Amino acid sequence: MGHLSVVIPPDIADSEGSEASAVEGGSVELKCHANGVPEAFTAWKREGGRNIIFRDENGNEEKVVESYVGPSLLLKGLRRADMGTYWCIASNGVPPKKSRKYEVTVLFPPLVRPATVVVWGMVDKQVTLQCYVEASPKSLTTWQRGKSHTGAKLLNSSKYIISEDNNHNNQNNYAIRTNLTINRLKKNDFGDYTCSAVNAYGRANSTITLKENHDNNDDDNNNNNNNTATNNNNTNNDPPSQTTPQKTTKSKRVGYGK
2 MGHLSVVIPP
12 DIADSEGSEA
22 SAVEGGSVEL
32 KCHANGVPEA
42 FTAWKREGGR
52 NIIFRDENGN
62 EEKVVESYVG
72 PSLLLKGLRR
82 ADMGTYWCIA
92 SNGVPPKKSR
102 KYEVTVLFPP
112 LVRPATVVVW
122 GMVDKQVTLQ
132 CYVEASPKSL
142 TTWQRGKSHT
152 GAKLLNSSKY
162 IISEDNNHNN
172 QNNYAIRTNL
182 TINRLKKNDF
192 GDYTCSAVNA
202 YGRANSTITL
212 KENHDNNDDD
222 NNNNNNNTAT
232 NNNNTNNDPP
242 SQTTPQKTTK
252 SKRVGYGK
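If you read the sequence shown in the numbering used here, its first letter stands for residue 2, the second for the next number, and so on.
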């Protein structure tokens, strides 16, 4: 007499949310329970082929893997680089496999770094100042004249063009570059400019000094320096190295609700 074997493809039965967040240094646990016949197992992977990094409570790295097998994924000592999409993939040899997407968000105060601390410009020319900002949740970024974030805020106009982009870093969605373009420079435009960022976890700012270049022959060199800053695309979001040491202002706690 024949024997009938019933097989059922895998399914993910969790009703828990597919989003998790914690402050930097904290921990999150993602759970993904699968069923099926034969019994299904689950494996975890990061989107884009990025590694999964396991750390202890103090943030010390314990192991780095491309994938991890188990019904839950515990991430401790979180760093901002851990932020992103994680996939739970359930399989039991019966097609099709089942997958579920989880979003991990790491929360931290802003970090602001100038592309270069000194920018040279010429009267009647255009110049662009740039700062790199890391923050989660996304920060409010502004530009001011002077060395303090309390100065008068600059607004978009025919004189100033303020923009931001994150195309320089296609992996870290917490990092942006903010740009201040100044048109038709005048003598009184030279001096200090501050780029500031604030979110619910803190505030940070950094100052760039715009200096006048009196030598027309140096215009090409100035353009080359600006292009170096504009085209910085390394994955660590590090601004280009400069002869003048860069200044980074530490974040300050502000009284925002989380």
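Each residue gets a CB set at the ideal place from its N, CA and C atoms; glycine is no exception. The structure presented is a predicted model; accordingly, all values stated were derived computationally and were not measured.
When rounded, the separation of the alpha-carbon atoms in Glu62 and Arg56 is 4 Å.
Straight-line measurement puts the Cα of Val118 at about 11 Å from the Cα of Lys212. Scanning its chain for C-beta atoms nearer than 8 Å, with the 5 sequence neighbours on each side dropped, one finds around Lys148 the residues Asp193, Thr195, Thr208, in chain order. Our two residues, Ser73 and Ala21, have alpha carbons roughly 13 Å apart in a direct line. At the C-beta level, Gly60 and Arg80 come within 8 Å of one another.
Note on the stretch 150 to 223: whole beta strand (DSSP E) runs with a minimum of 3 residues are 161 to 166, 176 to 183, 192 to 200, 203 to 213, in chain order. Straight across, the Cα-Cα distance linking Cys132 with Ile162 is about 14 Å. In its chain, beyond the 5 residues on either side, Pro11, Ala35, Ala91, Ser92, Asn93 have a beta carbon closer than 7 Å to the beta carbon of Ala41.
The C-alpha of Ile54 is placed about 14 Å away from the C-alpha of Trp88. With a threshold of 16 other beta carbon atoms within 10 Å, Leu5 falls short and is exposed. Contact annotation: the stretch 128 to 142 touches the stretch 96 to 109, with at least three C-beta pairs closer than 8 Å. When only Cα atoms are considered, Ser28 and Arg146 end up about 40 Å apart. In the structure shown, Gly50 falls within a helical segment according to DSSP collapsed to helix, strand and coil. Selection Ala82, Asp83, Trp45 evaluated against Gly71 yields Trp45 as nearest (Cα-Cα). For the options Lys64, Thr182, Tyr103, Val113, the alpha carbon positioned closest to that of Asp15 is the one of Tyr103. Rounded to whole angstroms, the Cβ separation of Arg47 and Gly85 is 6 Å, and the two are in contact under 8 Å.
Minimum Cα-Cα distance from Val24 among the listed residues His215, Asn214, Ala201 corresponds to Ala201.
Beta-bridge annotation (DSSP): Lys64 is paired with Phe55.
When DSSP states are grouped into helix, strand and coil, Ala44 belongs to the strand group. The three-state secondary structure of Asp15, taken from DSSP, is coil. Residue state for Ala116 is assigned as coil, using DSSP reduced to three classes.
At least 8 Å separates the beta-carbon of Ser164 from that of Asn184.
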